[in-house]
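Encoded as structure tokens, the structure appears first; notes follow it.
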Ligand code: NAP
Ligand code: HSE
């Protein structure tokens, strides 16, 4: 006698756009493999969108609905939230959890704004909350941090976590592409957020940095705790100047313990990276994240950071994990913020600056400029003068100093008679040495 076919694990999709339509497609295309891996078939029971009358490739028309609240309340085994934004996504997730559904979300904006509420609701209702797709697209990164490295002590997480900005900077660097054209291409390829200012303004990367920091340091970190600068101020001239000096410009997310271990600093900003550094060769919408852990040492995670199918791959991995838990009666990991470290200002972060100055070319100018650095305890690594007379330009690169001291130095430089203008300032990351 053959064993009875197990009852299906039901899945409801909130969102059927770039990511949601690919989740629906993979559920159909890989149905047999997924059933074998889970131990029961996965059955898609509905896809909530704003406009249910518009057909979606890969999504059966009879599953489309504009009643997201009704679908969230149906008590599916698993609800996948891929609509984005804070509301109604948060309310729908809470509705789904109250109805007993485990939730998978790719919504870094919501997790970084109010992840605590989601974790509490998951714990109260005895359901899972998984969110691998929320950071670095397809790359398995959050599960390693949440589970594989839970026996270690992470010191630093640093990397490229926004595909859209990396795509734009890569195009500007390699093809001299225009910023606006590169952004339009990233949007057409499905990399950008619904509002791309979240990408270019650094807010998407900041949300991801907050999620990474919370998992790495077992400390509640929200997007508001992250010092955030985007790439809107990066010009073609900056990219060319960086290239001349043997650097490329990348939008970096950095989450690190303070040297005494009592606090964490989380920051997102463009930075110059040496062109022989591994991050320099991360191009287009790819992401790469370095994790430094006490016992494991240094690790690098690399792969596709955006796009429908890569992101759907991460979502499906979570769906399989949650489905297995349903069948076994197990639970995924919950919130871990027991360490409660102090979240400190970027002023305490140790970094290096590149400063490009338009200066008067006369005796004593270099001394006055060097004094401004010395007054703030900042040591100069390289000085280069270009041109002379009225066209003199001075490029200074510093050794490591606190960001606060470096910023005060630049403020002082702006007030010097010898300095006509501060043409460009950028942090430098990834150099070895002091
Ligand atoms: P998208 O293409 O804009 O799709 C959003 C979907 O949600 C659409 O189907 C939309 O319906 C639906 N929707 C939005 N608001 C709704 C509402 N109030 N009621 C019902 N349906 C609603 O977005 P996406 O790129 O797939 O991103 C979805 C989520 O994944 C976001 O949280 C994003 O940050 C995250 N994510 C995206 C990527 C990526 O590469 N795209 C990667 C990682 C994570 P209509 O189609 O009718 O408008
Ligand atoms: N807009 C995001 C990016 C999608 O460009 O990285 C992936 O999270």
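Numbering (the numbering used here), first residue to last: 2 to 435.
Glycine included, each C-beta is placed from N, C-alpha and C at the ideal position.
Are the beta-carbon atoms of residue i and residue j separated by less than 8 Å?
i	j	result
residue 82	residue 106	yes
residue 359	residue 421	yes
residue 319	residue 133	yes
residue 287	residue 160	no
residue 229	residue 203	yes
residue 45	residue 12	yes
residue 317	residue 27	yes
residue 210	residue 235	no
residue 240	residue 232	no
residue 1	residue 220	Coverage of the chain is limited to positions 2 through 435, which leaves residue 1 absent and any answer about it impossible.
residue 401	residue 351	yes
residue 206	residue 269	yes
residue 304	residue 140	yes
Considering Cα atoms alone, identify which of the options is closest to residue i.
i	options	result
residue 146	49, 416, 202, 213	213
residue 398	357, 110, 71	357
residue 167	429, 280, 121, 275	280
residue 104	125, 130, 122	130
residue 96	346, 355, 119	119
residue 410	386, 353, 269	353
residue 277	248, 265, 301, 238	248
residue 99	52, 336, 127, 393	127
residue 340	86, 154, 367, 125	154
Grab the span of the beta strand (DSSP E) containing residue i for me, first residue to last.
i	result
residue 355	351 to 360
residue 288	287 to 294
residue 395	394 to 399
residue 49	43 to 49
residue 366	Counting along the chain, residue 366 falls outside any beta strand (DSSP E), though it belongs to the alpha helix (DSSP H) covering 366 to 376.
residue 387	381 to 387
residue 186	That residue, residue 186, is in no beta strand (DSSP E); its alpha helix (DSSP H) goes 180 to 189.
Quick check: does the Cβ of residue i come within less than 7 Å of any heavy atom belonging to the ligand NAD?
i	result
residue 200	Ligands present in the displayed structure are limited to the ligand NAP and the ligand HSE, and the ligand NAD is not among them.
Give the C-beta separation of residue i and residue j to the nearest angstrom, bearing in mind that I take them to be a contact with Cβ-Cβ under 8 Å.
i	j	result
residue 405	residue 348	3 Å
residue 112	residue 135	6 Å
residue 40	residue 9	Going by Cβ atoms, the distance from residue 40 to residue 9 rounds to 11 Å, so no, they are not a contact pair.
residue 78	residue 327	5 Å
residue 275	residue 431	6 Å
Could you pull the start and end residues of the alpha helix (DSSP H) that residue i belongs to?
i	result
residue 311	309 to 329
residue 168	164 to 176
residue 429	Residue 429 -> not in any alpha helix (DSSP H); beta strand (DSSP E) instead, spanning 420 to 429.
residue 22	19 to 30
Between the stretch 16 to 29 and the stretch 302 to 318, do three or more beta carbon pairs fall short of 8 Å? yes
Hey, is the stretch 318 to 332 in contact with the stretch 164 to 176, meaning 3+ C-beta pairs nearer than 8 Å? no
Between the stretch 371 to 386 and the stretch 250 to 265, can you find at least three pairs of beta-carbon atoms closer than 8 Å? no
Could you check whether the stretch 45 to 58 touches the stretch 67 to 83, counting it as contact only if at least three pairs of C-beta atoms, one from each stretch, sit closer than 8 Å? yes
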